[in-house]
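Numbered according to the working numbering, the sequence shown spans residues 774 to 1164.
Data block below; observations after.
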Amino acid sequence: MKIHLPDGIRPIPELFQEAGYYTAITGWPNRDRTTLGKTDYNFEWDSAMYDGPDWSKRKSGQPFFAQIHLPGGKHRARSLESFRKLAARVENLLGSKTDSAKVKLPPYYPNDPVILEDWAAYLDTVRLTDKFVGDIIERLKEEGDYENTVVLFMTDHGISHARGKQFLYEEGLHVPLVIAGPTIKAGQVRDDLVEHIDIAALSLGLAGIDIPEYMQAKDILSKDYKKRTTIFAARDRCDETVEHLRGLRTARYKYIRNFLPNRPHLQPNQYKDGKDIIKALREAHAAGTLNKTQELLFTPTRPEEELYDLKNDPFEIHNLAADPKHQTRLKNLRKRLDNWMKRTNDHGPESEARYDSDMAVYINAEDDDPEQRSVLTRNIALMKKWAAEGK
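Okay, here's the thing in structure tokens:
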């Protein structure tokens, strides 16, 4: 099924093009400067919104808007073997690697050797990313563009671990935002809440382009910006795994609503289940070696609501939703989420047709590996069963 943007809603690169900017999207390092970056959007789009894969092709004096995709945590891939290959690469390139024996994991993960090596590899991907960002900055300086270019660095989600990517816990939602440029005072640190969608308005604002009225995004650097007191998050289907989560975060508290409470946190998911870290977690669970906190991921059902005090419980372990002392706060946050869902016309998850149409296409196109196709087919059958049972 093809998805088209609603009438009047336009991609950001088109707005930059109309303002005279050369628009580019590329990976890094893109040594021959000929390959477009990641463009697997979830809607139909016109490739003409990008002028090319690299800003070096622009006209003399023309400003540019470039999206540069760095592999980040994907450098470490899925297996213990790939973690070790990355460690060797980083040691060769940077002179050292992160010692897994010195890694301190969040308390909800066991000190399993595989998980420790994965986390060490992840820390090394951060170091590698830092080097690549430095290379980009150096190129801007060499080509004379640095002094009139705003550089904005962010990630698309947190670490792709069991409780990170695809979940509404801090491990999945709390991402970096670093901005530098001629209009930005160096050395500032802000601790106010920013939503990922704000990047759109921020980018347009820096370029002096009018921000469309329909945008929920806010230009966090504008003179009339009022700092957010609450940010919101949502999760629906990822690949074959049906999910329905909504949540919000204030400076101190996190509220999560589980619309499918009868399902486990770790639903079957081919993308995650193929990772050695998830295999290690499942093996530890089966062996009964996890403690009470680590077993939270494996509870067969979930509470309908979760409430966490991030100041006293930064790892979101102690759910306060049933605590009588927090009922006033719970009701307040519950109402805030309800109002946001109404205000944004939240449609909820996809229709039941996903099983017979979208997922059939996904299975046929996503993976030629018979084993992985079998995993997808089995997972979707389980989702169908749960849906029929009202879970």
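Just so it is clear, CB atoms sit at the ideal spot from N, CA and C, and this is done for glycine as well.
- With 16 or more other Cβ atoms from the protein chains shown falling within 10 Å of its own Cβ, Y1026 counts as buried.
- Y895 and W801 have their alpha carbons spaced roughly 18 Å apart.
- For K832, no alpha helix (DSSP H) run applies, since DSSP gives it neither H nor E.
- For Q1040, DSSP records no beta bridge to any residue.
- With 16 or more other Cβ atoms from the protein chains shown falling within 10 Å of its own Cβ, Y1044 counts as buried.
- Secondary structure of Q1067 (DSSP, three-state): helix.
- Membership of G945 in any beta strand (DSSP E) is not indicated; the residue belongs instead to the alpha helix (DSSP H) covering E943 to L946.
- In the three-state scheme derived from DSSP, where H, G and I count as helix and E and B as strand, F940 is classed as coil.
- Distance between H777 and I841, taken at the CA atoms: about 25 Å.
- Beta-bridge pairing by DSSP links Q840 to I798.
- For K870, the CB contacts under 7 Å within the same chain, skipping 5 residues up- and downstream, are A860, V863, E864 and D897 in chain order.
- Assignment of V967 by DSSP, reduced to helix, strand and coil, places it in the coil class.
- Pairing R1030 with K1164 gives a Cβ-Cβ distance that is not under 8 Å.
- Linking L1083 to K996 through their CA atoms gives a straight-line distance of about 30 Å.
- Rounded to whole angstroms, the gap between the alpha carbons of L941 and E968 is 13 Å.
- By the 16-neighbour rule on beta-carbons within 10 angstroms, P1097 is exposed.
- Ranked by how close their Cα comes to the Cα of D929, the residues N921, G917, N1152 and G945 have G945 in first place.
- Going by DSSP, G907 is part of no beta strand (DSSP E) but of the alpha helix (DSSP H) stretching over P886 to E915.
- In this structure, the straight-line span from the alpha carbon of Y919 to that of L975 is close to 19 Å.
- In the pairwise beta carbon analysis, the region 826–835 is classified as not touching the region 844–854: fewer than three pairs are separated by under 8 Å.
- Distance between G781 and D971, taken at the CA atoms: about 19 Å.
- The DSSP-derived three-state label of Y998 is coil.
- DSSP, read as helix, strand or coil, puts K1108 in helix.
- Rounded to whole angstroms, the Cβ separation of V887 and A1053 is 4 Å, and the two are in contact under 8 Å.
- Taking the Cα positions, E915 is about 23 Å away from M927.
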